[in-house]
Amino acid sequence: MVDLSKPHRIIGEAARSFESLLSPSDARLFEKTTLADVQEAALTIQRAQADRKSLRNIARLAGLFIALPAFAAVLQPLCPEPACLNFLWAPIGLSLHVSLILNESTNCEIADGYASALDQLIYAYQQIAEHLPLFDRLTPLLLQDEGTQSMIAHVYGDILEFHYCAYRLLRQNSWKVLFDATWKNFALRFNGILERLGKSRDVLAAGVDSIAVLADETFRQEVLDRMTRLETERDTLQLRNVLTWLNGTRLDEDQESVLQNRSIARQQGTCEWILENPNLRSWLDPEDNRPLLLLHGKPGSGKTTIAAFLIENGPWPANSTLLYFLCPDESPRPGFSADSQILQCLIAQLLTKNRALVPYLHDRLTSSSQSMMTLLSELLRATGSAFLIIDGLDQCEPESHASILAKLAGLWSLKESSSPDRALVKVLVCSRSTVEIYSKLGKFPGISLSDETKSISEDIAIFVKKTLAPLHDLDCADVVEEMEQMVVAQADGVFLWAKLAVAQLLSQHTVKGLHAAWAKLPPGLSELYTVILHRLQDCDEQQKRHINHVLGLLVVAYRPLKVWEVCDAMLLQDGQLPLNSETNLLHDIIDMCKPFVEKGNHQTIRLVHGSAKDYLLTELNGSCIQLQQAHINITQACIRCLTTCHPFTKSEISPESQKQIVKGDYDFVFYAYEYWIYHLRESFRSHTSAASKDLADVRKTICHMVFDMLKAMNQSRLDKAFLDNVEALKDRLNTRGSNLEDILRPILRPLANQTLFLPRGFDPVPHPGSQRSSSILDIAFTNFQNAFEELYEAGSSFDPSRLGIAVTDLDSFKTRYSPTPYLCRYCECDAGAVGFTSAPEREEHELFHRGFFGCTEPACDFRVLKFASWIDLRRHVENYHGDKDAPSQTSHAKGKRPRHGSLLPLSTTKGKAGELRTRDPTHELLRESEVGTLARIFRSCVRLLKSMVTILRESQAPPHLLEGKLMRALNTLQLWGNAYQVDEGYLDKLLCKSTELRTTTATLLAGIGSILSSRLLGSLFQTEKNRLAAIESSRIQSALDDARHIAEDYQWLHDDDELADERANAGGDSNSPRAEEVEAVADGLCDYSLELMQMNDLFDSPFLHEKVSNKTSALPLAESTKSLLRHSDATTGTILKAPSVLEASPPLSSSVEVIKSSETLNIGRVQKEGRSALHDLKGPQKILSFTSYCYGMISGKVLVLSGSPLSVSDLVFVPPDRLYQTPEGDQWASFEEQVANVCASLVEYHGVSLQISVRNDNGKDGSSEKTSTPKKTPRHQKDIIANIIIYGPPALCESVGDYLSAAGFFLQHPTHCNQDVQYLNPHVLGFGEDNLQFTSELFPGEPQDETELDKNPLSNF
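With positions in the sequence shown counted from 1, the corresponding number in our numbering is that position plus 18.
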């Protein structure tokens, strides 16, 4: 008897899993649905679509309708329940049933959105039918085999897995909006389902045996494991990309931390009364139409504690989502607006709680930043039901209240929207009842804590009884109970008053002291603050000054300060330098400030409540803290601290400096480096119409301190020009009428680039082509942090005695920063104070900060080669990951890019047997007028990487800076799909720095086959690529060796002279073996270039067709190409140089004017003889020298025309070996040629180099001359605009200016120059017709001054 237990189990588990997802109504519908019903529904839809003239080819379901009856026939004996069969076809009817409803809709947008989803589902059903086994061909004997039955059961499970995912998509909220993004994510698992179905089909077709069954089981498990792993990686990467777009500030984790602190502070058994409040219960009822509830009360009455209690214990309706924002007590972070922070926080929480929304948001984000409010509204519609708690609205900046309230109104109005996807959104606002807030929200139901005095008093009684328990040791229980009752009564519902009163009572040790302390406690929170403050200041002057310093620090600090940071800051404010064991303050000084301050997590301290900060800054109460003076004090402390860091400007840290780190003398450096510039800005902010003389003197002192700090920092670098500049500015401080801000601005402008989330000490390359040079402070802090972490990681082999410290000192240092010594290296992050337990944990966190976006496609090389901006990732996905077989797109349509998601050679495809075959390129045609343009683009791209590596190798920049710039260069070349030129000797030095770079290098070396996809080399390189792709990073060196051996096999690809000698030695015999090899390689290059041009959507001219098909015409092409195939000697270490140009010249007229003003430029005319009349521009490549001066920049010149986007990047311009000639009358190409010729002529000067910054623009012809028949730029093309920066020795300044003046080119300020290059008189660099305005980002709120610039000396030439 056949054992059916295994197939019964497989089928039963699949059916139960699917049935558990169904709603009761759908479950009843599926029980009654037959295959005939589904077929009839399909015919009904087809007729309805025909009437609407919108047929979607539903006939594609015919194959599935034929296969399902045969499958049902063999499956029926194995089904434990008859209803299992219906699950095969009933879900198909669901999509058709929804279609029947939506086709009746008059909303075209809804119908069109559904049509796309229907196409995707029908196409998927069609693929399933194609992969199903041919069940009608199975013999009765085979059907009795247990292995066959198990396979049939597995096929059933695979189909139900697809139905499970499809049903979940169709039944989610706003499914029409989310379908495309979610379906794209499902494609990975769907491919796994098809793979398993195909395997079962093959096994059943070949005949089943026990080995095949076992292999199929193993295969299925491997596919499932692989799909699960890839889905997990993709989901993690998508979430990381989205959170990076949200600024990567761990907003949701920050809120969890605030919630945890509030929950710990709450006494067990309190706040429970709020759950019985009728207004709250009505608000929690989904059927109640009131969208907002206002919880308001006096400061310190427990609003935040109640909000935290509701978040953790509220009876939230089922299938609803809870989102919250708890306002922190610290000062607002610089650069953050409260409304945007609230929206970002809500979106981040929503994504972490509902991961199904991540794909949708991942596809919706753009660099233009769609409105946060719009995104949150769309996500909430998809969620369906959401409850929001916004606490501390009154603590946000007053100017942001109106904006926040307007956005909240937009959220709760989602239920009233006319959209079919209305969302139930309810908001609970916890706030003090300010006039503005109450005027907007007073019309909504509310909970006034002033009316809940009884309930709050009961909570206060629980808290007081628990807290005063230690006083029972005084053996006066009756007195303590009396005190408890008096505290509760006098608190009058203000929890904070009770907390502060209890703290005063706990400081007493006798019954008499208790009565005396109680007698001094006044009613009212402000009055109690006054009593506490007077008690704190009833001490000597030094202690009083220390207390005021502590309170001032906590009022203006931008993040929570640790105990030792506060102590060091106090000493630095008093000017006590250097910090050492003799000057260190005891941490007991913090206890003197209690109960105004309290300790928090991770050794941080904070004010007891937000109202304490308000009290300290209130002038009516004497204003013991002057806000601007507090900023001045901490600014001076920060500058003094940073001044002591000058030893860290050197790469080698002295033992004395290491000793000071261990001793804690640099504990305040972390805060000072991050926030000093913001405190400096507040110190110079004008709060009154006229600043006092004392304030002016203090500001002048700060200016002197800044100059002394920078002078000390740069002393070790021997930068004489900078030091002289500092001294000159210091002299101006004593000039009457001088503006201090104007004096500081030139010095602080480079340092003020520490904008939000700029990583400390290394170049994040946030956007392609952008440049940020590391300041001296960046270098010092990077060296300090490295030394700090090395000391923390010091093991047992480390001898502390060589630093002059004891083992106990080192242990104390590690204990002080344990367990989280690894601080986030990005500014404005809370983890810059809290830290991480290990370096890998910090690396994982910092991925959320970095501006690197990875492709989520599993097979794409850009999972490792990340993009520097979101728009680059979007462009990559649109260009290379559009499904060419998708039913909604046209395959190989004219003007569309071919799919390309890896480094496979573009001119090769897979044959049936897996063999490589070359596509016939003769049908791929190219417009004649675009050959020269694309050749120049191609040449620039393939030269980029070698130039970049050469520059970086010769400059002495830090390794992290080199890595960032190199990654940017690799990204640019990968986007173009062009050749890669890498100096592997130099890369070897970088590989140990980054795992990401190691993987990148392996991918690039494996992609050498893409460079020369010729008949001669294609097969060899492709085989090598497949092998290298399987090598893990631990074996990267063997991959490098293999790639080098490949290059050595083709050393005959040498420079021009050797090729010429070889041809000469052959006696000009074009049939010599060497000549045949050269021609074969050139032939392959022609094929590859055709593929490149195909990628640029240029198909419609017979010109290149003739070049390829005609051997005679192809020979000059090889002649012009072979000189660019070289292999350098062993000293350079270059492994292989790819083809860099494809030159092909159209027939020239008898006389072509290449440049309009040819007589002036002395370039000459191109006569019938062709290129010989032009200057010979061959010669050594000009490498950008960092000792050169900058003459200026030529801005906004149209360089080339491109058919596809080119990422912005920095290129070192190399003069072309041949200038491409243009046909007469082609004014566009003439103008473009003029720019190229001027650049080529400039670099003929010895020592002159160019740096060209390229960007895309949809502008028209950049020529300044008007023609009667202007050439129209095709819609799909974009102008490539260049900013050309000119470098060279000062001696050539006059002659270069002469030449540019004659050519009509104007110089302007080199805003895109590399900051490491010394400028020649930058303050007098002139411009064309417009003047550049210098604006101040450092001193906001002041008018922008227009700097009067001298006339450009170059304009005289």
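We treat Cβ as the ideally placed atom computed from N, Cα and C, and that holds for glycine.
Could you tell me which of Val680, Glu700, Met727, Arg703 sits nearest to Ser819, measuring between CA atoms?
-> Relative to the Cα of Ser819, the nearest Cα in the group Val680, Glu700, Met727, Arg703 belongs to Val680.
DSSP state of Thr339, grouped into three classes?
-> If DSSP states are grouped into helix, strand and coil, Thr339 belongs with the strands.
Which of helix, strand or coil does DSSP assign to Cys1378?
-> Any question about residue 1378 goes unanswered here, given that the chain covers just 19 to 1375.
State the Cα-Cα distance for the pair Arg238 and Met245, rounded to the nearest angstrom.
-> Near 11 angstroms, if we compare the C-alpha coordinates of Met245 and Arg238.
Buried or exposed: where does Ser449 fall if 16 or more other Cβ atoms within 10 Å of its Cβ makes it buried?
-> It counts as buried.
Taking the continuous alpha helix (DSSP H) assigned at Lys24, which residues delimit it?
-> Counting along the chain, the alpha helix (DSSP H) containing Lys24 begins and ends at 23-39.
Should Gln654 and Gln561 be called a contact, given that it needs their Cβ atoms to be closer than 9 angstroms?
-> No, Cβ-Cβ distance for Gln654 and Gln561 is not below 9 angstroms.
Can Ile292 and Phe327 be called in contact, C-beta distance under 9 angstroms?
-> Between Ile292 and Phe327, the CB-CB gap stays under 9 angstroms.
On the DSSP bridge assignment, give the partners of Cys448 in chain order.
-> The partner list for Cys448 (beta bridge, DSSP) reads Leu313, Asp409.
Just tell me which of Val276, Asp412, Phe666, Glu240 has its CA closest to the CA of Lys316.
-> Measuring from the Cα of Lys316, the nearest candidate turns out to be Asp412.
Below 8 angstroms, can you find three or more Cβ-Cβ pairs linking the region 102-113 to the region 44-57?
-> Contact holds: three or more Cβ-Cβ distances are below 8 angstroms.
Given that a residue counts as buried once 16 or more other Cβ atoms are within 10 Å of its Cβ, and exposed if not, what is Gly853?
-> When all chains shown are included, Gly853 counts as buried.
Under 9 angstroms between C-beta atoms of Met391 and Gln362 = No, these two residues do not count as a Cβ contact at 9 angstroms.
Inter-residue Cα distance where the pair is Glu8 and Asp609 | Lying outside 19 to 1375, the shown extent of the chain, residue 8 is not represented and no answer is given.
Cβ neighbours of Tyr691 in the same chain (closer than 6 angstroms, five flanking residues each side left out) | Exclusion of the five residues before and after Tyr691 leaves Phe799 as the residues of its chain whose Cβ lies within less than 6 angstroms of its Cβ.
Alpha-carbon spacing of Pro304 relative to Ile365, whole angstroms = Taking the straight line joining both Cα atoms gives about 22 angstroms.
Three-state secondary structure assigned by DSSP to Ala1300 | Note: Ala1300 maps to strand in three-state DSSP.
If Ile657 and Met731 are in contact, beta carbons under 8 angstroms, what's the gap, nearest whole angstrom?
-> Taking a contact as a CB-CB distance under 8 angstroms, the pair Ile657 and Met731 does not count as one, their CB atoms being some 11 angstroms apart.
Cβ separation of Cys611 and Val568, assumed to be a contact under 8 angstroms, to the nearest whole Å | With a contact defined as Cβ atoms closer than 8 angstroms, Cys611 and Val568 qualify at about 5 angstroms.
Under 7 angstroms Cβ to Cβ from Gln256, same chain only, skipping five residues before and after it: list those, please.
-> For Gln256, same chain residues with a beta-carbon under 7 angstroms away, outside a window of 5 residues either side, are Val376, Pro377, His380, Thr874 in chain order.
Within this structure, are the beta carbons of Ile140 and Asn209 separated by less than 9 angstroms?
-> Cβ atoms of Ile140 and Asn209: not closer than 9 angstroms.
Spatial neighbours of Ser338 in its chain, beta-carbon cut-off 7 angstroms, leaving aside the 5 residues before and after | When the five nearest sequence neighbours on each side are left out, the beta carbons in the same chain lying within less than 7 angstroms of the beta carbon of Ser338 are those of Ser403, Ala404, Phe405, in order along the chain.
Rounded C-alpha distance that separates Ser9 from Met169 = It is not possible to answer for residue 9, since the shown part of the chain is limited to 19 through 1375.
If you count every other CB in all the chains shown that lies within 10 Å of the CB of Ala420, and 16 or more means buried, which is it?
-> By the neighbour-count criterion, in which a residue is buried when 16 or more other Cβ atoms sit within 10 angstroms of its Cβ, Ala420 is exposed.
Which one of Ile695, Ala32, Pro42 has the shortest CA to CA distance from Cys97?
-> Closest option to Cys97, judged by alpha-carbon separation, among Ile695, Ala32, Pro42: Ala32.
So who's on the other strand from Gly1306, going by DSSP bridges?
-> Looking at the DSSP assignment, Gly1306 forms a beta bridge with Tyr1207.
Quick one: Cα of Leu634 to Cα of Leu698, how far?
-> Their Cα atoms are separated by approximately 21 angstroms.
Asn566 burial status per 10 Å Cβ neighbour count (16 or more: buried) | Label assigned to Asn566: buried.
For Gln1269, name the three-state secondary structure that DSSP assigns.
-> Here Gln1269 sits in strand by DSSP.
Between the Cα of His620 and the Cα atoms of Pro837, Thr323, Ala60, which residue gives the shortest distance?
-> If we check each option's Cα against that of His620, Pro837 comes out closest.
Between the beta-carbon of Pro346 and the beta-carbon of Val276, is there less than 9 angstroms?
-> The answer is yes: Cβ separation under 9 angstroms.
Taking only the alpha-carbon atoms, compute the straight-line gap between Leu159 and Ala68 and give it to the nearest angstrom.
-> Roughly 47 angstroms separates the two Cα atoms.
Would a C-beta distance cut-off of 9 angstroms place Ile1212 and Leu1325 closer than the cut-off?
-> Between Ile1212 and Leu1325, the gap from beta carbon to beta carbon is short of 9 angstroms.
At which residues does the beta strand (DSSP E) containing Val56 begin and terminate?
-> Run containing Val56: none in the beta strand (DSSP E); it sits in the alpha helix (DSSP H), 53-69.
Enumerated in chain order, which unbroken segments of the alpha helix (DSSP H) with a length of 4 residues or greater are wholly contained in the region 149-212?
-> Counting whole runs of 4 or more residues, the region 149-212 contains the alpha helix (DSSP H) stretches 158-161, 164-188.
Buried versus exposed, by CB contacts within 10 Å (16 or more), Ser72 | Exposed: under 16 other Cβ atoms inside 10 Å.
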